[in-house]
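Quick note on this note's numbering: the sequence shown kicks off at 203 and runs consecutively.
Note that beta-carbon positions come from the ideal geometry of N, C-alpha and C, so glycine has one too.
Keep in mind the model is a prediction, meaning the values are calculated, not measured.
The next block holds one structure in the form of structure tokens; read it before the comments.
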Amino acid sequence: MQATPIKGRGSVSNRTSRFEQLQREPFDDEWAQPDQDAAPRPATTVSLETAKSIISRNDSPDIHFEQSINPYRGCEHGCIYCYARPTHAYLNHSPGLDFETRLYAKRNAAELLRKELSKPSYVPKLIALGANTDPYQPIERRLRISAGILAVLEEFNHPVAITTKSASVTQDIERLARMASKNLVRVFMSVGSLDRSIARTLEPRASTPGARIDAIRALSQAGIPTGVIVAPVIPSLTDHDMEKILFSAKDAGARNAAYVLLRLPLEIADLFREWLAAHHPLKEAHVMNLVKQMRGGKIYDPDFKTRMRGTGVFADLLEQRFRRACAKAGLNQTRHVLSTDLFRPPPEDQPQLKLF
């Protein structure tokens, strides 16, 4: 039975996670009436939690940061392709609708960060804000947890790289501009398509593509180093937009660019197939065949060397197109390295001063 799209949501189902023994599948008894029995829109719930730690660390060779902070768990943007969806299974939730409707906010994030940065043993390294969740998803406007994290980072003169799909990042533009004046921040805007109709179903509660480009312009004009990530590149659906995204971002002031091929690990593969069947049924088979061509005949290959770019003819052509477009647009002319030299705990956080 084909799932019915839900307006304002990316996933079209709440598929059970890989940890559950029983799997639920929709069954058509032929009594349903499309208009009368349409599924109600699931509400968004936010639970405040007290986190035990706030900085996550990784040693993945294909990720250019060792430390990250996720202010939230789950993400209301609802991007159907989000590689973080499977993490919701650890909470006994579905990586489907639950991931975008059952959210958790780390209310003590700023407090934990202050304690961590104040430790005499702490060595400053770039922190990525927005690895497994978007720090500027809609609930940030009300809860301002990401803003609190940035306040602490500014106080300690600690470098941070922000990745988001939300124009709401501009609400912190004054703080970001101050940090940029010390070479402490850069912002990457993720844009996968400039087609609003595709974006509306692909990433339903993220800012529109145009608003994201406008945010790049506003940040750049404020002196904040910005870049664009063309992500994800979906073969036969969004890949044709790559050059337009890169040139639009450059015109808005972006300095650097990157791209990431569609990744479908664990539960995301079936969720994405459902989404294709619901929104692009005529392209479903072709898109999935191209995905397999770029993953060595599989839906997903976790190999660190290829998981971001893929392999094969189509993947090679994508990389060539990206490099040519960046060269023509003048992107990636320099590598921007943020400063760790200014890092200093504020006086009140230095234990030796508290003795006097």
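- In this structure, tyrosine 274 places its C-beta atom within 9 Å of the C-beta atom of leucine 305.
- Assignment of alpha helix (DSSP H) within the region 277-317, counting only whole runs of 4 or more residues, yields 299-303 in chain order.
- Here serine 541 is actually not in contact with leucine 404; their C-beta atoms are around 36 Å apart, not less than 8 Å.
- Partner residues in the beta bridge of threonine 247, as assigned by DSSP, are Arg304.
- In this structure, phenylalanine 449 lies near alanine 527, with their beta-carbon atoms less than 9 Å apart.
- For threonine 252, the CB contacts under 7 Å within the same chain, skipping 5 residues up- and downstream, are Arg309 and Asn310 in chain order.
- Taking C-beta atoms under 8 Å as the contact rule, histidine 290 and glycine 276 qualify, at a distance of about 6 Å.
- Annotated as proximal: leucine 463 and valine 435, with beta-carbon spacing under 9 Å.
- For leucine 355, the CB contacts under 6 Å within the same chain, skipping 5 residues up- and downstream, are Val362 in chain order.
- Between leucine 314 and serine 255, the gap from beta carbon to beta carbon is short of 9 Å.
- About 17 Å separates the Cβ atoms of proline 437 and leucine 396, ruling out a contact at the 8 Å cut-off.
- Note that the C-beta distance between arginine 511 and leucine 520 is below 9 Å.
- In this structure, DSSP gives glycine 332 a state outside helix and strand, which the three-state scheme calls coil.
- Within the same chain, Ile257, Phe267, Gln269, Ser270, Ile271, Leu355, His360, Pro361, Val362 and Ala363 come within 8 Å of isoleucine 329 by CB-CB distance, once the 5 residues on both sides are set aside.
- If you check the CB distance, threonine 428 and isoleucine 418 come in under 9 Å.
- Counting the other Cβ atoms within 10 Å of the Cβ of serine 249 gives fewer than 16, which makes it exposed.
- Excluding the 5 residues flanking it on each side, glutamate 357 has same chain C-beta neighbours closer than 7 Å at Pro548, in chain order.
- In the DSSP assignment, glycine 412 falls within the unbroken alpha helix (DSSP H) covering 411-423.
- From the listed residues Glu469, Val430 and Thr536, the smallest Cα separation to alanine 369 is found for Val430.
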